[in-house]
Amino acid sequence: MSAFRLHGDAERLIREHGAAAYPFECCGALIGTQTDGTTEISEARPLDNITDEGPRRRFRVGSNDYLAAERHAASAGADLVGFYHSHPDHPARPSQYDLDHAWPNLSYIILAVAGGSARELHSWRLREDRTAFEEETRDMTRVLIPTPLRAYTEKQAAVDAAGGTIGEVLADLTGRFGDLRQHLFTPEGRLRSFVNVYVNDEDIRYLQREATPLKSGDVVSIVPSVAGGSPAPSTVAAANDLSADEVKRYSRHLIMPEVGVDGQRRLKAASVLCIGAGGLGSPAALYLAAAGVGRLGIVDFDAVDFSNLHRQILHGTQDVGRPKLQSARDRLTSVNPEVHIDTYETTLTSKNALDLFRDYDIILDGTDNFPTRYLVNDACVLLKKPNAYGSIFRFEGQASVFAAPGGPCYRCLYPEPPPPGLVPSCAEGGVLGVLPGVIGTIQATEAIKLILGVGEPLIGRLLLYDAFTMRFRELKLRRDPACPVCGDNPTVKALIDYEQFCGVVPAAAPVPETTVEALKGRIDRGDRLFILDVREPSEFQICRIPGSTLIPLGELPRRLAELPSGADRPDIVVHCKMGGRSAKAVQQLVDAGFTRVENLKGGILEWIDKVDPSQSKY
Ligand SMILES: [Zn+2]
Ligand SMILES: [Zn+2]
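In terms of the working numbering, the sequence shown opens at residue 137 and continues consecutively.
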């Protein structure tokens with residue numbers, strides 16, 4: 137069975153030629169290459185149809201034109217690999233005439249033209265015994281869709297798209313999934329800077345960008361930013377000798393040649409600052425303490441919540457309500473009392489970051505939001521401190537080492553954050569509890585390798601982990617000479633306002649609001665109301681306001697027609713878990729011309745607190 141891959145320019149030419157020649161048949165040559173049963177068609181070359189048997193039902197190529205097409209192909213370093221022709225007002229299947237006149241080993245593309253407009257296109261190949269044609273399959277490129285964008289591809293994790301270059305494949309993809317377009321491209325049609333596109337493991341920015349050609353078997357990955365080499369020399373000096381207790385505790389390290397007494401003394405002399413004692417910080421800090429890293433700093437300001445316990449394994453049920461720093465200190469000290477622990481009960485800001493980071497050898501980024509992520513990155517670059525990076529979303533994770541000498545930084549990968557609201561946070565999107573265990577442990581591994589100066593650190597590599605398929609993939613990262621912070625001519629030389637940079641400063645115009653008490657009163661009075669729940673289906677399963685209709689926020693723009701309309705339609709009250717997503721929904725509805733729309737303040741959690749305590753909170 138053979139296959140064909142048709143480049144976009146060639147397909148466009150065939151379609152235009154077929155429509156222009158209507159009601160007659162058009163024909164032309166196909167130029168390209170044949171390898172392993174796949175015909176790659178990079179160019180279509182129109183030829184004169186010299187048939188004298190009635191050009192509505194026949195085509196014939198003159199021998200001079202045939203030879204000229206072959207010479208043209210050879211001059212382009214390619215071959216004549218087949219012919220195309222049109223079937224006016226007939227399906228794109230070969231006729232008896234086609235069978236009688238075709239040669240084996242060539243591709244025959246037939247374009248159906250109905251009433252003057254180009255329709256379906258198929259490619260055929262004559263069997264060796266010349267008894268019949270067999271249809272060729274169209275060779276497509278597999279495009280891997282990351283979780284946050286699957287809402288726009290009907291939940292598909294991979295989509296096959298047609299085309300000969302990245303640009304053509306993305307055009308085919310966004311042509312079929314229209315809602316995806318605005319997430320990948322700016323209104324001017326440029327690829328957005330928080331979206332990276334890879335062919336196999338290579339960033340297209342280092343190939344030919346959107347003109348990058350694709351061959352059979354290439355896999356394209358779209359890698360958006362997510363909130364949620366060679367051995368590097370160790371920068372850490374060795375500490376004094378180990379005590380008898382330490383020799384016992386670390387004996388399995390000491391007998392490894394890659395660690396040994398010298399390595400263990402390096403660990404003891406080293407310091408790591410964990411940003412956050414949450415999902416990523418928990419396993420990272422536990423393993424760093426257990427491994428004997430001499431000084432651990434932890435920055436956090438939260439208290440332990442019941443909903444943290446499914447992944448934040450530093451904290452126990454008895455710690456609920458306590459500051460995370462207190463329970464982290466207790467737990468880490470019980471794991472290894474030799475480790476010195478410094479806690480910083482504060483949010484990380486542009487004012488305190490440099491002072492906090494300065495005293496540490498390595499920073500471990502366990503944050504869950506974009507402003508802090510860019511802040512951690514920039515502070516690490518400015519201070520030349522390696523950043524053991526990790527991020528998680530639902531069941532996918534990323535890890536890398538940024539800001540190491542000569543290596544790329546987070547901004548080389550993602551120069552700008554996505555607009556607020558485009559990428560859901562873990563609080564909105566959820567996260568598989570064990571996922572941060574894997575990614576946080578990888579971050580700790582990288583920190584330990586950097587301290588020891590052994591192995592191949594994740595510098596210049598982005599590791600992608602999919603827990604559902606249990607697959608790791610790896611993409612190449614390069615330092616971008618034009619990077620605003622680590623590039624050759626940096627424009628960011630001091631920390632900036634990251635809330636503003638990420639566009640998460642509070643909206644200027646608040647949306648109209650109502651309270652749970654007012655909503656209860658209106659329901660009890662029998663007012664006609666449309667209660668719109670914009671959470672995800674899995675949240676709707678846990679608890680809901682009676683009579684509400686579920687349309688997840690991401691689906692709202694294309695499902696507006698499901699909302700009541702007309703002058704006498706009921707008022708609309710929108711809610712989510714706590715009121716954040718529903719405020720965005722109200723803004724979208726107001727922008728779309730809806731009036732009498734209100735946001736439910738405090739969301740369903742407040743409804744449960746004040747109106748219906750029989751339901752479960754999450
Ligand atoms: Zn035909
Ligand atoms: Zn950079």
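All C-beta atoms, glycine included, are put in the ideal place defined by N, C-alpha and C.
Can you tell me whether residue i is buried or exposed, with buried defined as 16 or more other CB within 10 angstroms of its CB?
| i | result |
| --- | --- |
| residue 482 | exposed |
| residue 342 | exposed |
| residue 600 | buried |
| residue 322 | exposed |
| residue 711 | buried |
| residue 722 | buried |
| residue 735 | buried |
| residue 308 | buried |
| residue 347 | exposed |
| residue 743 | buried |
| residue 732 | exposed |
| residue 388 | exposed |
| residue 472 | buried |
| residue 521 | buried |
| residue 239 | exposed |
| residue 270 | exposed |
| residue 360 | buried |
| residue 325 | exposed |
| residue 636 | exposed |
In whole angstroms, what is the alpha-carbon distance linking residue i and residue j?
| i | j | result |
| --- | --- | --- |
| residue 369 | residue 147 | Below a pLDDT of 50, predicted positions are generally treated as unreliable, and residue 369, at 49, falls in that range; the measurement from the model is reported next regardless. Cα to Cα, residue 369 sits roughly 53 Å from residue 147. |
| residue 662 | residue 442 | 36 Å |
| residue 110 | residue 730 | Residue 110 lies beyond the range of the chain shown here (137 to 754); nothing can be said about it. |
| residue 517 | residue 544 | 10 Å |
| residue 450 | residue 294 | 36 Å |
| residue 524 | residue 286 | 28 Å |
| residue 691 | residue 728 | 14 Å |
| residue 506 | residue 202 | 60 Å |
| residue 615 | residue 499 | 19 Å |
| residue 487 | residue 631 | 8 Å |
| residue 241 | residue 218 | 8 Å |
| residue 657 | residue 747 | 10 Å |
| residue 407 | residue 273 | 58 Å |
| residue 598 | residue 610 | 6 Å |
| residue 671 | residue 249 | 46 Å |
| residue 700 | residue 706 | 7 Å |
| residue 288 | residue 604 | 20 Å |
| residue 173 | residue 354 | 16 Å |
| residue 674 | residue 281 | 21 Å |
| residue 398 | residue 283 | 43 Å |
| residue 485 | residue 175 | 57 Å |
| residue 709 | residue 745 | 18 Å |
| residue 365 | residue 593 | Annotation note: pLDDT 35 at residue 365 (below 50); position unreliable, no value reported. |
| residue 738 | residue 716 | 9 Å |
| residue 338 | residue 654 | 56 Å |
| residue 718 | residue 651 | 13 Å |
| residue 226 | residue 268 | 19 Å |
| residue 279 | residue 311 | 14 Å |
| residue 394 | residue 587 | 12 Å |
Below 8 Å on the Cβ atoms is my contact criterion, and I expect residue i with residue j to pass it. Report the Cβ-Cβ distance as a whole number of Å.
| i | j | result |
| --- | --- | --- |
| residue 659 | residue 665 | 7 Å |
| residue 244 | residue 230 | 7 Å |
| residue 409 | residue 433 | 4 Å |
| residue 164 | residue 153 | 6 Å |
| residue 256 | residue 144 | About 17 Å separates the two Cβ atoms, so there is no contact after all. |
| residue 515 | residue 489 | 4 Å |
| residue 549 | residue 634 | Contact flag wrong, Cβ pair sits at about 17 Å. |
| residue 502 | residue 426 | Actually they do not touch by this definition, with Cβ atoms about 17 Å apart. |
| residue 555 | residue 528 | About 21 Å separates the two Cβ atoms, so there is no contact after all. |
| residue 532 | residue 602 | 5 Å |
Runs of 3 residues minimum, wholly inside the stretch 443 to 518: which ones carry the beta strand (DSSP E) assignment? Secondary structure within the stretch 443 to 518: the beta strand (DSSP E) runs of 3 or more consecutive residues, fully enclosed, are 476 to 481, 498 to 501 (chain order).
Kindly provide the ranges of any alpha helix (DSSP H) runs that are 4 or more residues long and lie completely inside the stretch 308 to 371, ordered along the chain. The DSSP assignment places complete alpha helix (DSSP H) segments of no fewer than 4 residues inside the stretch 308 to 371 at 314 to 320, in order along the chain.
Any residue with its Cβ nearer than 5 Å to a heavy atom of ligand 2 should be included. What is that list in chain order? Going along the chain, the residues that qualify are 545, 547, 548, 619, 622.
With a cut-off of 5 Å, give the chain-ordered residues whose Cβ is closer than this to any heavy atom of ligand 1. Working through the chain, the matches are 231, 234.
Give, in chain order, every unbroken run of the alpha helix (DSSP H) that is at least 4 residues long and sits entirely within the stretch 391 to 431. Entirely contained in the stretch 391 to 431, the alpha helix (DSSP H) runs reaching 4 residues are, in chain order, 396 to 405, 417 to 427.
Give the list of continuous alpha helix (DSSP H) stretches no shorter than 4 residues that lie fully inside the stretch 190 to 223. With a minimum length of 4 residues, the continuous alpha helix (DSSP H) runs that stay inside the stretch 190 to 223 are 199 to 211.
Alpha helix (DSSP H) segments (min. 4 residues) lying fully within the stretch 552 to 632: The alpha helix (DSSP H) runs lying completely inside the stretch 552 to 632 and spanning 4 residues or more are 562 to 565, 571 to 588, given in chain order.
What alpha helix (DSSP H) runs, 4 residues minimum, are completely inside the stretch 223 to 291? Qualifying alpha helix (DSSP H) stretches, in chain order: 232 to 237.
Complete beta strand (DSSP E) runs within the stretch 623 to 710 (minimum length 3 residues, chain order): Counting whole runs of 3 or more residues, the stretch 623 to 710 contains the beta strand (DSSP E) stretches 665 to 669.
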